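Going down the list, the protein sequences come from chains A, B, C and D. Quick note: the first sequence uses this note's numbering, first residue 348, plus one each step. Quick note: the second sequence uses this note's numbering, first residue 348, plus one each step. Quick note: the third sequence uses this note's numbering, first residue 348, plus one each step. Quick note: the fourth sequence uses this note's numbering, first residue 348, plus one each step.
4 protein chains.
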Amino acid sequence: MLTIRRRLTPITALGAGWMDKTRFETFSDGVFAVAITLLALNLVVAGPGHGSLAHQLTDRWPSFAAYVVSFFVIGVLWVNHHSLFRQVARVDRGLLYANLCLLLFVVVIPFITSTFADYLRAGGQDARVAAVLYALVMEGMGLSFTLMFAYVVRAGLLVEPLSPDASRAAILRFGVGAGAYLVAIVVAFVWPPLVLVIAGMITAYYIVERVPTEPVPGPADGPGPGGAAD
Amino acid sequence: MLTIRRRLTPITALGAGWMDKTRFETFSDGVFAVAITLLALNLVVAGPGHGSLAHQLTDRWPSFAAYVVSFFVIGVLWVNHHSLFRQVARVDRGLLYANLCLLLFVVVIPFITSTFADYLRAGGQDARVAAVLYALVMEGMGLSFTLMFAYVVRAGLLVEPLSPDASRAAILRFGVGAGAYLVAIVVAFVWPPLVLVIAGMITAYYIVERVPTEPVPGPADGPGPGGAAD
Amino acid sequence: MLTIRRRLTPITALGAGWMDKTRFETFSDGVFAVAITLLALNLVVAGPGHGSLAHQLTDRWPSFAAYVVSFFVIGVLWVNHHSLFRQVARVDRGLLYANLCLLLFVVVIPFITSTFADYLRAGGQDARVAAVLYALVMEGMGLSFTLMFAYVVRAGLLVEPLSPDASRAAILRFGVGAGAYLVAIVVAFVWPPLVLVIAGMITAYYIVERVPTEPVPGPADGPGPGGAAD
Amino acid sequence: MLTIRRRLTPITALGAGWMDKTRFETFSDGVFAVAITLLALNLVVAGPGHGSLAHQLTDRWPSFAAYVVSFFVIGVLWVNHHSLFRQVARVDRGLLYANLCLLLFVVVIPFITSTFADYLRAGGQDARVAAVLYALVMEGMGLSFTLMFAYVVRAGLLVEPLSPDASRAAILRFGVGAGAYLVAIVVAFVWPPLVLVIAGMITAYYIVERVPTEPVPGPADGPGPGGAAD
Numbered sequence: 348m349l350t351i352r353r354r355l356t357p358i359t360a361l362g363a364g365w366m367d368k369t370r371f372e373t374f375s376d377g378v379f380a381v382a383i384t385l386l387a388l389n390l391v392v393a394g395p396g397h398g399s400l401a402h403q404l405t406d407r408w409p410s411f412a413a414y415v416v417s418f419f420v421i422g423v424l425w426v427n428h429h430s431l432f433r434q435v436a437r438v439d440r441g442l443l444y445a446n447l448c449l450l451l452f453v454v455v456i457p458f459i460t461s462t463f464a465d466y467l468r469a470g471g472q473d474a475r476v477a478a479v480l481y482a483l484v485m486e487g488m489g490l491s492f493t494l495m496f497a498y499v500v501r502a503g504l505l506v507e508p509l510s511p512d513a514s515r516a517a518i519l520r521f522g523v524g525a526g527a528y529l530v531a532i533v534v535a536f537v538w539p540p541l542v543l544v545i546a547g548m549i550t551a552y553y554i555v556e557r558v559p560t561e562p563v564p565g566p567a568d569g570p571g572p573g574g575a576a577d
Numbered sequence: 348m349l350t351i352r353r354r355l356t357p358i359t360a361l362g363a364g365w366m367d368k369t370r371f372e373t374f375s376d377g378v379f380a381v382a383i384t385l386l387a388l389n390l391v392v393a394g395p396g397h398g399s400l401a402h403q404l405t406d407r408w409p410s411f412a413a414y415v416v417s418f419f420v421i422g423v424l425w426v427n428h429h430s431l432f433r434q435v436a437r438v439d440r441g442l443l444y445a446n447l448c449l450l451l452f453v454v455v456i457p458f459i460t461s462t463f464a465d466y467l468r469a470g471g472q473d474a475r476v477a478a479v480l481y482a483l484v485m486e487g488m489g490l491s492f493t494l495m496f497a498y499v500v501r502a503g504l505l506v507e508p509l510s511p512d513a514s515r516a517a518i519l520r521f522g523v524g525a526g527a528y529l530v531a532i533v534v535a536f537v538w539p540p541l542v543l544v545i546a547g548m549i550t551a552y553y554i555v556e557r558v559p560t561e562p563v564p565g566p567a568d569g570p571g572p573g574g575a576a577d
Numbered sequence: 348m349l350t351i352r353r354r355l356t357p358i359t360a361l362g363a364g365w366m367d368k369t370r371f372e373t374f375s376d377g378v379f380a381v382a383i384t385l386l387a388l389n390l391v392v393a394g395p396g397h398g399s400l401a402h403q404l405t406d407r408w409p410s411f412a413a414y415v416v417s418f419f420v421i422g423v424l425w426v427n428h429h430s431l432f433r434q435v436a437r438v439d440r441g442l443l444y445a446n447l448c449l450l451l452f453v454v455v456i457p458f459i460t461s462t463f464a465d466y467l468r469a470g471g472q473d474a475r476v477a478a479v480l481y482a483l484v485m486e487g488m489g490l491s492f493t494l495m496f497a498y499v500v501r502a503g504l505l506v507e508p509l510s511p512d513a514s515r516a517a518i519l520r521f522g523v524g525a526g527a528y529l530v531a532i533v534v535a536f537v538w539p540p541l542v543l544v545i546a547g548m549i550t551a552y553y554i555v556e557r558v559p560t561e562p563v564p565g566p567a568d569g570p571g572p573g574g575a576a577d
Numbered sequence: 348m349l350t351i352r353r354r355l356t357p358i359t360a361l362g363a364g365w366m367d368k369t370r371f372e373t374f375s376d377g378v379f380a381v382a383i384t385l386l387a388l389n390l391v392v393a394g395p396g397h398g399s400l401a402h403q404l405t406d407r408w409p410s411f412a413a414y415v416v417s418f419f420v421i422g423v424l425w426v427n428h429h430s431l432f433r434q435v436a437r438v439d440r441g442l443l444y445a446n447l448c449l450l451l452f453v454v455v456i457p458f459i460t461s462t463f464a465d466y467l468r469a470g471g472q473d474a475r476v477a478a479v480l481y482a483l484v485m486e487g488m489g490l491s492f493t494l495m496f497a498y499v500v501r502a503g504l505l506v507e508p509l510s511p512d513a514s515r516a517a518i519l520r521f522g523v524g525a526g527a528y529l530v531a532i533v534v535a536f537v538w539p540p541l542v543l544v545i546a547g548m549i550t551a552y553y554i555v556e557r558v559p560t561e562p563v564p565g566p567a568d569g570p571g572p573g574g575a576a577d
């Protein structure tokens, strides 16, 4: 009865307040996958009879540039979400709601991407408004990820807990992106296309700078770093 | 042959009538994830040449408000679906169909959300009709979740069954939302925007009020509350 | 090293030709979940300024009726897909392609549903063409499911193989739906709305008539029907 | 505490740099499933009042042909992705990014499919541009899959590593598709519809030609080819 035992274990051993990490990840992965794929719905041309296709495609370069940047924004966020939750031992109800707040911003990325691209071509005051909207959603996304990360660290949900100093440093270091998007909001008022460049650079930063949860050797309730688990 | 053994176990040990809980959850999570992401497809502006973007965005505030409310309606429903099924030991064919009825309502939420938001701006009789439609689908969702919950409790599918008294109390307490949406249907005829506020309040209620399946100590067929399972 | 061992097992123990059943199911569940949710994208009203909302909603009753029927067509197909694969021990490459053929039809259901609903309102010759298109896709779906079922039975992929007689009877009994959709194709030429009723009836038939793979006691390579697997 | 132990194992036994293969697959499968289903969103007719439905359907044959070809392009790519990762023992961060590059091309397939189909009907210079665009994305997809395959082989991530000769041969043999799409790019300038035929033929090639990772007997760190793993 291995299957039934495995189902029972989390509930009785962890207590009724703990959630199922696998389902949490399946749902999150689903939202990430749908949002990243819906980005491409914005790539539409007007069809035959609206000027040459070559002209339409070159004229719509902001849509393609914005598609690539937003694709990697969501993709790299998913990689970091994945990295973080590999090191999370338990998921509680608070974490589910923190994650929902993050997804609230992820889900609007296709909308702000297409709006930004459309108004970037138009230029003027509207391009500035669209760039601010784009940077604001990125800021919301960065902030909610940082808050979720802080929640995980503070609530002791990590497999191998961080020391207070290490956790403060980790949260600060990870929060750099949320700070950088504040700069993007200001830049949006000055030169809108630069917002896309900044978003690309912050994304590249998160390819290099990982979720900072390096294991700290010590008496965790799992096996030690060098121990075999089987 | 661990893998084959694990595949065989559910069929031979549980009997051919039992379904695979993991696949049931994967499919449900997929529908929840797609529906919650499609909500944002309603967030569209008319594009350059249809008035200033800032004006369009402020004019479309009902779309943004309705997006946030419906996002949390689906998100919190997912959290409760997740909580409930963590405590379900077995899934039978009847439960699959009860779940399909719930999803029938979940899937139309993007449609009713955009319709409600569009007609809320227009006002008049149509706003009332749209609000009634929104409240009716919420009622259908609440009722089908309550019925599914009752089915699970009555059919003895819980890991740790409830006593008759506890199950009656649990179903009543959980059904409060379905009752509250009846009020929303009446309110829809009087002042449509209030329906969105009520939906938000009921959702907040379900953040606090969880699926009421507190384990009852007793001779269940799993290990006792304090027992180790490995 | 439990994790690595579990990863290695399928490949070395089953041979390189066998596929991963879990991933096969995750992909299929994803397609089913997206297709069933996209059905609701057809539920759109023209928005303020195109007649009263109440009138638009009643005028568009075929869209709502077709939504409900197609929702259960996909939902019940998923239940049967799920039932069948619970009893499948191994997935080979041929089965992946047979499944792709089934999904080819599932994926177009949102398109044929909206086309059927739109032209049903219009009536005339076009309604007949739309009804034939709808019935043809249902026929394709039914046939490819029956062929996939036959493939599973003949290739000996079931956990507990059927006797030749039982498998012939099972395939015939299960193929009833594919036969009934042939009737629907003829009916489409006579009275289009009836096609929706027939599709609903065939779906109800598949709620009652399950995938006919009742275990046959005998020397399978799994534990016997009454044996414990752990 | 089987569950907690299983969570801890990958991190402590594999080191913090290794990723969770299951989540990687769930996310990829989600993107494949959404992209393959969105293909059918391009199958729209203009609705009542735009000529007879039968005429619209026959007039739009390129949309249906392109749907079928692109469906199998994505489907067969998924089968090969699945085959490859069954033989991958570990997923590192580099592989996640290589996979994101592949998905960048997969996600735009619905867009290029509908653009190609629309302009194929229109003909002329635009049909050539659309065919080149289609072939270019296919080339990008083929190249990024081949690069990802080479990365897996070179970084020693396979369950049973290939010898240098075998890996060179395997990468070359697998890269044939990427070469063939180069031909398709040239053909696109001459006779656009042929690009669809070539894409279909390359897809058929990949149904026959599998990911070439036949196990090489030798001292791998898993059990030998004939060994039992449990």
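Glycine included, C-beta positions come from ideal geometry on N, C-alpha and C. The structure displayed is predicted, hence computed values, not measured ones.
Exercise. Is DSSP giving W538 (chain B) helix, strand or coil here?
Worked result: Here residue 538 (chain B) corresponds to residue number 191 of the second sequence, with the count starting at 1. The answer is coil: DSSP assigns W538 (chain B) none of H, G, I, E or B.
Exercise. Does A478 (chain C) get closer than 8 Å to chain D when you measure Cβ to Cβ?
Worked result: Counting from 1 along the third sequence, the entry for residue 478 (chain C) is found at position 131. Chain D, which has no Cβ nearer than 8 Å to the Cβ of A478 (chain C), makes this no.
For this session: Can you tell me which of the three DSSP states L449 (chain C) falls into?
Result: The residue labelled residue 449 (chain C) in the question sits at position 102 within the third sequence. Under the three-state reduction of DSSP, L449 (chain C) is assigned to helix.
For this session: Look at M488 (chain C) and L449 (chain C) and say whether their C-beta atoms are less than 8 Å apart.
Result: Position 141 of the third sequence, counted from the first residue, corresponds to residue 488 (chain C). Position 102 of the third sequence, counted from the first residue, corresponds to residue 449 (chain C). Taking C-beta atoms as the reference points, M488 (chain C) and L449 (chain C) count as a pair closer than 8 Å.
Problem set entry | Cβ-based neighbour list, Y498 (chain A), same chain, cut-off 7 Å, excluding 5 preceding and 5 following | One-based indexing of the first sequence puts residue 498 (chain A) at position 151. Within the same chain, Y498 (chain A) has close Cβ partners G441, L442, A445.
Exercise. By how many angstroms is the C-alpha of G471 (chain B) removed from the C-alpha of A535 (chain B)?
Worked result: Position 188 of the second sequence holds residue 535 (chain B). Position 124 of the second sequence holds residue 471 (chain B). Rounded to the nearest whole angstrom, the C-alpha separation of A535 (chain B) and G471 (chain B) is 12 Å.
For this session: Measure the alpha-carbon distance for L400 (chain C) versus P508 (chain B) and round it to whole angstroms.
Result: If you number the third sequence from 1, residue 400 (chain C) lands on position 53. If you number the second sequence from 1, residue 508 (chain B) lands on position 161. Distance between the alpha carbons of L400 (chain C) and P508 (chain B): 47 Å.
Problem set entry | Straight-line Cα distance separating T373 (chain B) from G377 (chain A) | As a working note, residue 377 (chain A) is residue 30 in the first sequence. As a working note, residue 373 (chain B) is residue 26 in the second sequence. When rounded, the distance between both Cα atoms is 9 Å.
Exercise. A469 (chain D) touches chain A at which residues, Cβ-Cβ below 7 Å?
Worked result: The sequence position of residue 469 (chain D) within the fourth sequence is 122, counting from 1. Going along chain A in sequence order, the residues near A469 (chain D) (Cβ under 7 Å) are P395.
For this session: For W408 (chain D), decide whether its Cβ has a neighbour in chain C, counting only Cβ atoms nearer than 8 Å.
Result: For the purposes of this step, residue 408 (chain D) is taken as the residue at position 61 of the fourth sequence. Answer no: the Cβ-Cβ gap between W408 (chain D) and chain C never drops below 8 Å.
Exercise. In whole angstroms, what separates the C-alpha of F452 (chain D) from that of Y552 (chain D)?
Worked result: Translated into the one-based positions of the fourth sequence, residue 452 (chain D) becomes position 105. Translated into the one-based positions of the fourth sequence, residue 552 (chain D) becomes position 205. Computed Cα separation, rounded: 20 Å.
Exercise. Are L447 (chain B) and F492 (chain B) close, meaning C-beta to C-beta below 8 Å?
Worked result: The count along the second sequence starts at 1 and reaches residue 447 (chain B) at position 100. The count along the second sequence starts at 1 and reaches residue 492 (chain B) at position 145. Between L447 (chain B) and F492 (chain B), the CB-CB gap reaches or exceeds 8 Å.
Problem set entry | Beta-carbon proximity of Y466 (chain D) to A477 (chain D), cut-off 8 Å | Here residue 466 (chain D) is taken as the residue at index 119 of the fourth sequence, counted from 1. Here residue 477 (chain D) is taken as the residue at index 130 of the fourth sequence, counted from 1. Taking C-beta atoms as the reference points, Y466 (chain D) and A477 (chain D) count as a pair closer than 8 Å.
Exercise. So, helix, strand or coil for L504 (chain A), using DSSP?
Worked result: Stepping through the first sequence from its first residue, residue 504 (chain A) is reached at position 157. DSSP, read as helix, strand or coil, puts L504 (chain A) in coil.
Problem set entry | Neighbourhood of V392 (chain C) by C-beta distance below 6 Å, restricted to the same chain and skipping five residues each side | What you label residue 392 (chain C) is simply residue 45 of the third sequence in a count that begins at 1. Excluding sequence positions up to five before and after V392 (chain C), its CB lies within less than 6 Å of the CB of Q403, all in the same chain and listed in chain order.
Exercise. Apart from the five residues on each side of it in sequence, which residues of its chain come closer than 7 Å, Cβ to Cβ, to A360 (chain B)?
Worked result: Translated into positions along the second sequence, residue 360 (chain B) becomes position 13. For A360 (chain B), the predicted model reports a pLDDT of 36, less than 50, meaning its position is unreliable; a value from the coordinates is still stated below. Excluding sequence neighbours, A360 (chain B) sits near nothing in its chain.
Exercise. For A464 (chain B), which option in B:R437, B:L390, B:I383, B:G394 has the closest C-alpha, if you only look at C-alpha atoms?
Worked result: Looking up residue 464 (chain B) in the second sequence gives position 117. For the set B:R437, B:L390, B:I383, B:G394, the Cα lying nearest the Cα of A464 (chain B) is the one of B:L390.
For this session: Just grab the DSSP bridge partners of W425 (chain A) for me.
Result: Here residue 425 (chain A) is taken as the residue at index 78 of the first sequence, counted from 1. Under DSSP, no beta-bridge partner is assigned to W425 (chain A).
Problem set entry | Same chain, Cβ closer than 6 Å to A516 (chain C), neighbours up to 5 away in sequence not counted | Within the third sequence, numbered from 1, the residue matching residue 516 (chain C) stands at position 169. The answer is none, since no qualifying residue turns up.
Exercise. Along chain E, which residues have their Cβ under 7 Å away from the Cβ of F374 (chain C)?
Worked result: The structure shown contains no chain E; its protein chains are A, B, C and D.
Problem set entry | Simplified DSSP assignment, three categories, for V378 (chain C) | The count along the third sequence starts at 1 and reaches residue 378 (chain C) at position 31. It is helical.
Exercise. In three-state terms, what does DSSP make of D367 (chain D)?
Worked result: Reading the fourth sequence from its first residue, position 20 is the one you call residue 367 (chain D). Coil at D367 (chain D), not helix or strand.
For this session: Put V476 (chain B) into one of helix, strand or coil per three-state DSSP.
Result: The sequence position of residue 476 (chain B) within the second sequence is 129, counting from 1. Shown here, V476 (chain B) sits in a helix according to DSSP, grouped into three states.
Exercise. Taking the alpha-carbon positions, what's the S417 (chain C) to I456 (chain C) distance?
Worked result: Position 70 of the third sequence, counted from the start, is the residue given in the question as residue 417 (chain C). Position 109 of the third sequence, counted from the start, is the residue given in the question as residue 456 (chain C). Rounded to the nearest whole angstrom, the C-alpha separation of S417 (chain C) and I456 (chain C) is 7 Å.
Problem set entry | Per DSSP, the bridge partner or partners of V435 (chain B) | Counting from one through the second sequence, the residue named residue 435 (chain B) turns up at place 88. Paired residue(s): B:L505.
Exercise. Applying the criterion that 16 or more other CB atoms from any shown protein chain within 10 Å of the CB defines a buried residue, is V537 (chain C) buried or exposed?
Worked result: Here residue 537 (chain C) refers to the residue found at position 190 of the third sequence. Under a 10 Å Cβ-count criterion, V537 (chain C) is classified as exposed, with fewer than 16 other Cβ atoms of the shown protein chains found around its own Cβ.
Problem set entry | For L400 (chain B), the first and last residue of its enclosing alpha helix (DSSP H) | If you number the second sequence from 1, residue 400 (chain B) lands on position 53. Boundaries of the alpha helix (DSSP H) harbouring L400 (chain B): 400-406, taken from the DSSP string.
Exercise. Within the 8 Å Cβ cut-off, does G422 (chain C) reach chain B?
Worked result: Start at 1 with the first residue of the third sequence, and residue 422 (chain C) comes out as number 75. Yes, G422 (chain C) lies at the interface with chain B (some Cβ there is under 8 Å from its Cβ).
Exercise. Relative to the alpha-carbon of K368 (chain D), which residue among D:A502, D:H429, D:G398 has its alpha-carbon at the smallest distance?
Worked result: Position 21 of the fourth sequence, counted from the first residue, corresponds to residue 368 (chain D). Looking only at D:A502, D:H429, D:G398, the smallest Cα-Cα distance to K368 (chain D) is reached by D:H429.
Problem set entry | Inter-residue spacing [alpha-carbon to alpha-carbon] between V506 (chain C) and F496 (chain C) | For the purposes of this step, residue 506 (chain C) is identified with residue 159 of the third sequence, where counting begins at 1. For the purposes of this step, residue 496 (chain C) is identified with residue 149 of the third sequence, where counting begins at 1. Distance from the CA of V506 (chain C) to the CA of F496 (chain C), rounded to the nearest whole angstrom, comes to 14 Å.
Problem set entry | Which of helix, strand or coil DSSP assigns to A469 (chain C) | Translated into positions along the third sequence, residue 469 (chain C) becomes position 122. In this structure, A469 (chain C) counts as helix in the three-state DSSP scheme.
Exercise. Below 8 Å between beta carbons: does that hold for P346 (chain C) and D512 (chain B)?
Worked result: In the structure as shown, chain C starts at 348 and stops at 577, and residue 346 (chain C) therefore has no counterpart that could be examined.
For this session: Using the Cα positions of F379 (chain B) and S510 (chain D), report the straight-line distance between them to the nearest angstrom.
Result: By 1-based counting over the second sequence, the position of residue 379 (chain B) is 32. By 1-based counting over the fourth sequence, the position of residue 510 (chain D) is 163. Spanning the two alpha carbons is a distance of roughly 45 Å.
For this session: Give the secondary structure of E556 (chain A) by DSSP, where H, G and I count as helix, E and B as strand, and everything else as coil.
Result: What you label residue 556 (chain A) is simply residue 209 of the first sequence in a count that begins at 1. Note: E556 (chain A) maps to coil in three-state DSSP.
For this session: Report the neighbours of I383 (chain A) on chain D: residues whose CB is nearer than 8 Å to its CB, in chain order.
Result: The residue you call residue 383 (chain A) lines up with position 36 of the first sequence. Residues of chain D whose Cβ lies closer than 8 Å to the Cβ of I383 (chain A) are, in chain order, V378, L450, V454.
For this session: State the start and end residues of the unbroken alpha helix (DSSP H) segment that holds P511 (chain A).
Result: The residue labelled residue 511 (chain A) in the question sits at position 164 within the first sequence. Residues 511-521.
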